[in-house]
Amino acid sequence: MNTTNLRVLLGYALPYRAVLAVCVLLMLAESVAALAVPWLGGRVADGLLTHQILDTGSMLLALLGLFAVQALLKFGNSYLLNRSAQQILADLRIRLYDHLQALPLSFYHQRRQGDVLALLTYDVERLSGFLTGTLLSVIPLLITVAGALLFMFRIDPRLSLIAAVLVPLFYLLMKVIGRRLRPLASQLQDAHAGAISIAEENLGMLPAIKCFTRESHESARYRGQVQEILSLSKRQEAIYAALGPSVQLLAATGVVLVLWLASDRISGGSMDPGELVTFLLYTGLLTRPVGALADVYGQTQTARGARERLMRVLTERPEPLTQLGHELQAVRGEIEFRAVNYAYPGRPPTLADINLRIHAGETVAIIGSNGAGKSTLAHLLMRIHEPVSGHIYIDGTDISGVTLHSLRRQIGVVPQHVLLFNGSARDNIAYGHPDPSQEAIEAAARAARAHDFIVKLPQGYDTFIGDRGLRLSGGQQQRLALARALLKDPPILILDEATAMFDPEGEREFLEECREILEQRTVLLITHRPASLALAKRVVQLVDGNIISYTANNGAE
Numbered sequence: 039m040n041t042t043n044l045r046v047l048l049g050y051a052l053p054y055r056a057v058l059a060v061c062v063l064l065m066l067a068e069s070v071a072a073l074a075v076p077w078l079g080g081r082v083a084d085g086l087l088t089h090q091i092l093d094t095g096s097m098l099l100a101l102l103g104l105f106a107v108q109a110l111l112k113f114g115n116s117y118l119l120n121r122s123a124q125q126i127l128a129d130l131r132i133r134l135y136d137h138l139q140a141l142p143l144s145f146y147h148q149r150r151q152g153d154v155l156a157l158l159t160y161d162v163e164r165l166s167g168f169l170t171g172t173l174l175s176v177i178p179l180l181i182t183v184a185g186a187l188l189f190m191f192r193i194d195p196r197l198s199l200i201a202a203v204l205v206p207l208f209y210l211l212m213k214v215i216g217r218r219l220r221p222l223a224s225q226l227q228d229a230h231a232g233a234i235s236i237a238e239e240n241l242g243m244l245p246a247i248k249c250f251t252r253e254s255h256e257s258a259r260y261r262g263q264v265q266e267i268l269s270l271s272k273r274q275e276a277i278y279a280a281l282g283p284s285v286q287l288l289a290a291t292g293v294v295l296v297l298w299l300a301s302d303r304i305s306g307g308s309m310d311p312g313e314l315v316t317f318l319l320y321t322g323l324l325t326r327p328v329g330a331l332a333d334v335y336g337q338t339q340t341a342r343g344a345r346e347r348l349m350r351v352l353t354e355r356p357e358p359l360t361q362l363g364h365e366l367q368a369v370r371g372e373i374e375f376r377a378v379n380y381a382y383p384g385r386p387p388t389l390a391d392i393n394l395r396i397h398a399g400e401t402v403a404i405i406g407s408n409g410a411g412k413s414t415l416a417h418l419l420m421r422i423h424e425p426v427s428g429h430i431y432i433d434g435t436d437i438s439g440v441t442l443h444s445l446r447r448q449i450g451v452v453p454q455h456v457l458l459f460n461g462s463a464r465d466n467i468a469y470g471h472p473d474p475s476q477e478a479i480e481a482a483a484r485a486a487r488a489h490d491f492i493v494k495l496p497q498g499y500d501t502f503i504g505d506r507g508l509r510l511s512g513g514q515q516q517r518l519a520l521a522r523a524l525l526k527d528p529p530i531l532i533l534d535e536a537t538a539m540f541d542p543e544g545e546r547e548f549l550e551e552c553r554e555i556l557e558q559r560t561v562l563l564i565t566h567r568p569a570s571l572a573l574a575k576r577v578v579q580l581v582d583g584n585i586i587s588y589t590a591n592n593g594a595e
């Protein structure tokens, strides 16, 4: 990982630096205790060989106490580290979610939803574990390696030099085996994202899947994706499994080599048996941190891919909700599009040189074939998209200079594709209002012709409507969305095929009941339905992104 991105990652751990510092100190203390064990072990072996029973007994007690200290240090470190890991994971997920929520919709038009969900689940968990487990363990591991080599050097410099030469071999082995981990980690993340995408998409498409009897096909598609995850996971685990034993085999070879060379020292009297035991214990101790460093290398390669994906998202520029611009105060609702042009990335222009003025309190119908740019016009007004050129004004104020929050507070929307959440009917209607009264909620529901069917639900306004309102019919969902927009009471209202789910009689009744309400605000009525056109004072026709006609609607009252 480069230092810049590493600093960014460490920034997420910064609020927990005190606890993590304690964890590092506990690890260091555990390393010191581990380095003391071979020394005491050598003294015990020396005592047993020289029959110094009394001294050996005290040494054994000291060794037992040292093991107890190690156990307590390991427990305290594991407890604090796991707690910190969960806190950092929660913090990382919240920060990432807030950033994802602040990104413009164009970001999601270019990505699978599964990629984003995998980042929120799979990748952040990897990074949290890397920060608290892998990264923090590096310093104690290095100290253990350095300490073991130092003590070994004091016993026999020549043998220690041989052990030191083996360390670069460990590194080369880790490099060779670990090189395959990074691309595997990236493939595994993509496979997880694919599985999440299929599951999320299919659960939303379940009615169509059942209608077209595609259950077996979709099950096979999901099963294939899970099998790919399983195959990649097995390959990754095989590499991890090979890394440890390979390092262990190399370390064991080093121990055998040391034993062979030490046999001459013992027979020549230059090394006593106790020193040999101590030296061998330090050699064994040395293999543990070197093996652990192999895991650190592998985990670093895996985390690198997750970090790169996270950085790519975090460097995406969010919408300037409150950071830029001035507040747009309460408006009358006069709208003007002045020489507005817009094109989606990589596509021909959607809107070309649009000039349109809508008076405050006027209802204007926008008509045209699919793809003519009707909904894009509404999205530009809300700054969901930004014009390539030109300006949009509300009451003479250029909306590019106002905050998005203050702009969108002035606009209510009933989209063509209704967006409801799994809450009660009351919660869905009140979604755009901070604290509405029950009377206000019911008044909005009556205006949208939703009150009658809501009171017939099992718990009335407290009835939960399911994910995306699936327990309601299409017309009921649209009425609920309309009630939500009317409760917001905005000076500007966008109705994007808002009556598409109404039957003719219901549409006629709705139009009659809403005429007075709509006359109190500026309305952009995007519609194909002749009955809805009766509400409009003017009809604007779009063809291929151009306004080709303005028509006064003589039938409008």
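All the letters of the sequence shown, read from the start, carry residue numbers 39 to 595 under my numbering. We put the beta carbon where it would ideally sit given N, CA and C, even for glycine.
>> I want to know whether the segment 493-505 touches the segment 523-530 - three or more CB-CB distances under 8 angstroms.
In response: no
> Is DSSP giving residue 450 helix, strand or coil here?
Replying inline: strand
> When you compare only the Cα positions, how much space is there between residue 292 and residue 301?
Replying inline: 14 angstroms
>> With a threshold of 6 angstroms on Cβ separation, who are the neighbours of residue 111 within its own chain once the five nearest residues in sequence on each side are excluded?
In response: 64, 67 and 68
> Which parts of the segment 103-147 are runs of the alpha helix (DSSP H), unbroken and 4 residues or longer, counting only runs that do not cross its ends?
Replying inline: 143-147
> Where does the unbroken beta strand (DSSP E) through residue 422 begin, and where does it stop?
Replying inline: Unbroken run through residue 422: none, as it is neither H nor E.
>> Output needed for residue 363: all residues of its chain with C-beta closer than 6 angstroms, excluding positions within five of it in sequence on either side, in chain order.
In response: 439, 440 and 441
> The alpha helix (DSSP H) with residue 374 in it runs from where to where?
Replying inline: Premise fails: residue 374 lies in the beta strand (DSSP E), 373-381, not in any alpha helix (DSSP H).
> Tell me which same chain residues have a C-beta within less than 8 angstroms of the C-beta of residue 57, skipping the five on either side of it?
Replying inline: 118, 121 and 122
>> With three or more C-beta pairs closer than 8 angstroms as the rule, is the segment 411-419 touching the segment 557-569?
In response: yes
> Can you tell me whether DSSP reads residue 366 as helix, strand or coil?
Replying inline: coil
> Applying the criterion that 16 or more other CB atoms from any shown protein chain within 10 Å of the CB defines a buried residue, is residue 605 buried or exposed?
Replying inline: Here the chain comprises residues numbered 39 to 595, so residue 605 is not present and cannot be evaluated.
> Relative to the alpha-carbon of residue 529, which residue among 449, 566 and 137 has its alpha-carbon at the smallest distance?
Replying inline: Nearest option by C-alpha distance: 449.
> Alpha carbon to alpha carbon, how far is residue 109 from residue 320?
Replying inline: 19 angstroms
> Hey, how far is the Cα of residue 600 from the Cα of residue 387?
Replying inline: Not covered by the structure: residue 600. The range shown for the chain is 39 to 595.
>> List, from N- to C-terminal side, the beta strand (DSSP E) runs of 3 residues or more that fit wholly inside the segment 387-417.
In response: 387-396 and 401-405
> With respect to the alpha helix (DSSP H) encompassing residue 464, which residues constitute its N-terminal and C-terminal limits?
Replying inline: 463-467
> Using CA coordinates, which residue listed in 51, 532 and 264 is at the minimum distance from residue 162?
Replying inline: 51
> From the DSSP output, which residues share a beta bridge with residue 430?
Replying inline: 375
> Do you know offhand how far residue 594's Cα is from residue 574's?
Replying inline: Confidence at residue 594 is low in this model, with a pLDDT of 48, below 50, so its placement is unreliable and the value that follows should be read with caution. Those two C-alpha atoms are separated by around 6 angstroms.
>> Rounding to the nearest angstrom, what Cα-Cα distance links residue 481 and residue 455 in this structure?
In response: 24 angstroms
>> Can you look up residue 503 in the DSSP assignment and give me helix, strand or coil?
In response: coil
>> Taking its Cβ as the centre, do 16 or more other Cβ atoms sit within 10 Å of residue 499, making it buried, or is it exposed?
In response: buried
>> Check this for me: beta carbons of residue 385 and residue 428, under 7 angstroms apart or not?
In response: no
> With distances taken between CB atoms, is the gap from residue 256 to residue 229 smaller than 7 angstroms?
Replying inline: no
> Quick one: what does DSSP say residue 490 is sitting in, helix, strand or coil?
Replying inline: helix
> Are three or more beta carbon pairs between the segment 237-244 and the segment 171-183 nearer than 8 angstroms?
Replying inline: no
> What number of angstroms, rounded off, separates the C-alpha of residue 464 from the C-alpha of residue 479?
Replying inline: 7 angstroms
> Taking buried to mean at least 16 other C-beta atoms within 10 Å of its own C-beta, is residue 54 buried or exposed?
Replying inline: buried
> Which residues mark the beginning and the end of the alpha helix (DSSP H) in which residue 437 is found?
Replying inline: No alpha helix (DSSP H) contains residue 437, which DSSP labels as neither H nor E.
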